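Here is the structure we will look at.
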Amino acid sequence: MRISRVCTVYFSATGTTRRTAKAAADAAAARLGVPQADFCINLPQTREETLRFGPEDLVLAATPVYAGRVPNLLLPFWRERVLGEGTPAAAIAVYGNRNFDDALAELRDLLWNNGFCPVAAGAFVGEHAFSRTLAAGRPDEADLALAAELGRRTARRVAELDRPPERPVEVPGCSPPRPYYTPRDRYGEPIRDFLKARPDTDPARCTRCGWCAAHCPLGSISREDSAVVGRCMKCCACVKGCPAGAKGFTHPGFLYHKEELEAQYGACRKESALFL
Ligand SMILES: Cc1cc2nc3c(=O)[nH]c(=O)nc-3n(C[C@H](O)[C@H](O)[C@H](O)COP(=O)(O)O)c2cc1C
Ligand code: SF4
Ligand code: SF4
């Protein structure tokens with residue numbers, strides 16, 4: 002297949018998915034000797050556009066893993082607004098050292114159902130959005146080298162094909178996906194009001210710089226007083242991005258879950274993996 006452009010489409014609230022997808026795309030574009038374009042879908046207004054790709058595009062679609070799946074609030078966008086036309090693609094899922102569960106299979110299927118031909122995939126580890134210690138510093142050099150390898154091998158595979166393959170790449174995970182992973186308390190019960198948890202703002206630290214309001218993927222932060230006033234997907238863009246360190250969760254159930262994740266998954270290093 003002839004490719005004239007390599008594109009990324011990604012959501013990345015704390016930057017790990019972006020870095021991983023870019024490493025893969027840069028390597029694919031260099032291998033093919035073609036230009037590269039990025040479509041970031043972080044902000045609400047970027048998700049009002051429909052992204053259409055043709056048979057000469059190679060698309061690297063990338064998502065963070067939320068509760069073992071593609072983030073639910075982004076599903077309508079992936080379903081309705083990312084369209085291919087026999088477009089070769091690779092699916093990339095980035096997870097925080099717990100598990101990617103069904104997210105990669107779900108993204109692969111979303112692409113397949115919308116006219117893409119996912120020929121390759123990768124599950125990569127990124128620093129957990131909830132934590133500064135769980136998978137800290139990842140993707141690291143080894144993860145990014147593997148992402149570049151994904152880009153090169155995807156490019157090579159696509160260049161060798163005469164036409165789009167009849168089946169998508171096989172990846173671990175259930176299709177259709179299982180329900181979203183549920184955080185549980187010490188008694189094994191779902192954590193109460195977990196979905197209602199949202200970051201608080203420390204007024205003593207907040208400088209009213211406006212960064213958080215401008216970057217919240219749901220447009221849920223007030224520009225007047227920087228309080229979280231709408232729905233929150235707990236992406237942690239505001240928590241990790243605030244230059245004054247003024248945003249953080251105080252919700253007891255959220256903090257319990259974060260500490261449990263750090264205790265259970267902090268000591269072992271999960272390795273990023275390719276599926277081709
Ligand atoms: C709401 C939410 C749910 C998450 N669920 C999982 C999960 O099920 N498994 C996992 O390993 N990591 C999970 N993570 C961690 C993210 O997948 C990980 O931090 C990823 O690198 C974030 O990508 P980003 O930096 O591009 O935003 C979750 C993060 C958030 C914010
Ligand atoms: S980014 Fe931080 S300092 Fe800036 S307005 Fe938001 S909470 Fe305040
Ligand atoms: S308010 Fe919630 S959705 Fe918005 S940036 Fe902060 S954590 Fe993400």
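Our numbering puts the first residue of the sequence shown at 2, with every later residue one more than the last. Beta carbons are placed, not taken as given, at the ideal position from N, Cα and C, and that holds for glycine. Computed from a predicted model, the values in this text were never measured in an experiment.
Locate the beta strand (DSSP E) running through Gln37, then write down its first and last residues.
Within the sequence shown, numbered from 1, the residue matching residue 37 stands at position 36. It spans Gln37 to Cys41 - the beta strand (DSSP E) in which Gln37 sits, taken as one unbroken run.
Taking 6 Å as the limit between beta carbons, can you name the residues of its chain near Glu130, skipping five residues before and five after?
Counting from 1 along the sequence shown, the entry for residue 130 is found at position 129. Reading off the sequence, residue 130 comes out as Ala, not Glu. Once the five neighbours on either side are set aside, the close Cβ partners of Ala130 are Thr15 and Cys237.
Mapping DSSP to helix, strand and coil, what is Gly254?
Taking the sequence shown and counting its residues from 1, the one referred to as residue 254 is at position 253. Of the three classes helix, strand and coil, the one that applies to Gly254 here is helix, per DSSP.
Mind checking whether Thr155 and Leu59 have CB atoms under 8 Å apart?
For the purposes of this step, residue 155 is identified with residue 154 of the sequence shown, where counting begins at 1. For the purposes of this step, residue 59 is identified with residue 58 of the sequence shown, where counting begins at 1. Yes.
Hey, how far is the Cα of Tyr111 from the Cα of Ala205?
The sequence position of residue 111 within the sequence shown is 110, counting from 1. The sequence position of residue 205 within the sequence shown is 204, counting from 1. The residue you asked about is not Tyr; residue 111 is Leu in the sequence shown. Cα to Cα, the separation comes out at about 44 Å.
Report buried or exposed for Ser227, applying the criterion of at least 16 other Cβ atoms within 10 angstroms of its Cβ.
Residue mapping note: residue 227 aligns to position 226 of the sequence shown, counting from 1. Buried, because 16 or more other Cβ atoms sit within 10 Å of the Cβ of Ser227.
Does Asp102 pass the burial test, meaning 16 or more other C-beta atoms within 10 Å, or should it be called exposed?
Here the question's residue 102 lines up with position 101 in the sequence shown. Label assigned to Asp102: buried.
Report, in whole angstroms, the separation of the C-beta atoms of Cys239 and Cys213, which I expect to be a contact under 8 Å.
As a first step, residue 239 must be located in the sequence shown, where it is residue number 238. As a first step, residue 213 must be located in the sequence shown, where it is residue number 212. Indeed, because the Cβ distance is near 4 Å, the residues count as touching under 8 Å.
For Cys8, count neighbouring C-beta atoms within 10 Å of its own C-beta (all shown protein chains included) and say buried if the count is 16 or more, exposed if not.
For the purposes of this step, residue 8 is taken as residue 7 along the sequence shown, with counting starting at 1. Flag for Cys8 reads buried.
CA-CA distance, Cys233 and Ala198?
Numbered from 1 along the sequence shown, position 232 holds the residue referred to as residue 233. Numbered from 1 along the sequence shown, position 197 holds the residue referred to as residue 198. So the two alpha carbons sit approximately 8 Å from each other.
Nearest residue (CA-CA) to Gly267, options Ser13, Arg133, Gly55 and Ala62
Locating residue 267 in the sequence shown gives position 266, counting from the first residue. Relative to Gly267, the option among Ser13, Arg133, Gly55 and Ala62 whose CA is nearest is Arg133.
Taking all protein chains shown into account, decide if Asn114 is buried (16 or more other Cβ within 10 angstroms of its Cβ) or exposed.
Here residue 114 refers to the residue found at position 113 of the sequence shown. Exposed, since its Cβ has fewer than 16 Cβ neighbours within 10 Å.
Measuring only the C-alpha atoms, how far is Glu150 from Pro56?
Your numbering for residue 150 matches position 149 in the sequence shown. Your numbering for residue 56 matches position 55 in the sequence shown. So the alpha carbons of these two residues sit roughly 23 Å apart.
Mapping the DSSP letters down to three states, classify Val159 as helix, strand or coil.
In the sequence shown, residue 159 corresponds to position 158, counting from 1. Correct three-state label for Val159: helix.
Residue closest to Asp194, alpha-carbon to alpha-carbon, out of His252, Asp144, Cys210 and Val170:
Mapped onto the sequence shown, residue 194 falls at position 193. Checked all of His252, Asp144, Cys210 and Val170; the closest Cα to Asp194 is His252.
Is the separation between the beta-carbon of Leu262 and that of Leu135 shorter than 8 Å?
Position 261 of the sequence shown holds residue 262. Position 134 of the sequence shown holds residue 135. Yes, Cβ-Cβ distance for Leu262 and Leu135 is below 8 Å.
Taking 8 Å as the threshold (C-beta atoms), are Val159 and Ala104 in contact?
Along the sequence shown, one-based indexing puts residue 104 at 103. Along the sequence shown, one-based indexing puts residue 159 at 158. For Ala104 and Val159, no; Cβs fall outside 8 Å.
By the three-class DSSP mapping on this structure, what secondary structure does Gly267 have?
Residue 267 sits at position 266 when you count from the first residue of the sequence shown. Correct three-state label for Gly267: coil.
Buried or exposed, going by whether 16 or more other CB atoms sit within 10 Å of the CB of Cys210?
Within the sequence shown, numbered from 1, the residue matching residue 210 stands at position 209. It counts as exposed.
For Arg109, count neighbouring C-beta atoms within 10 Å of its own C-beta (all shown protein chains included) and say buried if the count is 16 or more, exposed if not.
Here residue 109 refers to the residue found at position 108 of the sequence shown. Result: buried.
What runs of the beta strand (DSSP E), each 3 residues or longer, lie entirely inside the stretch 88-136?
Taking only runs of at least 3 residues, the beta strand (DSSP E) segments lying wholly in the stretch 88-136 are 88-96 and 117-126.
Beta carbon of Pro200 nearer than 8 Å to that of Gly242:
On the sequence shown, residue 200 is found 199 positions in, with the first residue counted as 1. On the sequence shown, residue 242 is found 241 positions in, with the first residue counted as 1. Taking 8 Å as the Cβ cut-off, Pro200 and Gly242 do not qualify as a contacting pair.
Whole-angstrom Cβ separation of Val172 and Ala90, contact assumed at under 8 Å?
Position 171 of the sequence shown, counting from 1, holds the residue named residue 172. Position 89 of the sequence shown, counting from 1, holds the residue named residue 90. Between Val172 and Ala90 a beta carbon distance of about 13 Å is seen, past the 8 Å cut, so the two are scored as non-contacting.
To the nearest angstrom, report how far apart Asp186 and Val120 are at their CA atoms.
Start at 1 with the first residue of the sequence shown, and residue 186 comes out as number 185. Start at 1 with the first residue of the sequence shown, and residue 120 comes out as number 119. Approximately 40 Å, taken between the alpha carbons.
Assuming Thr9 is part of the beta strand (DSSP E), what are its boundary residues?
As a working note, residue 9 is residue 8 in the sequence shown. Note, Thr9: beta strand (DSSP E), Arg6 to Tyr11.
Nearest to Glu225 by alpha carbon, out of Cys207, Ala24, Pro45 and Gly254?
Mapped onto the sequence shown, residue 225 falls at position 224. When each option's Cα is compared against that of Glu225, the closest is Cys207.
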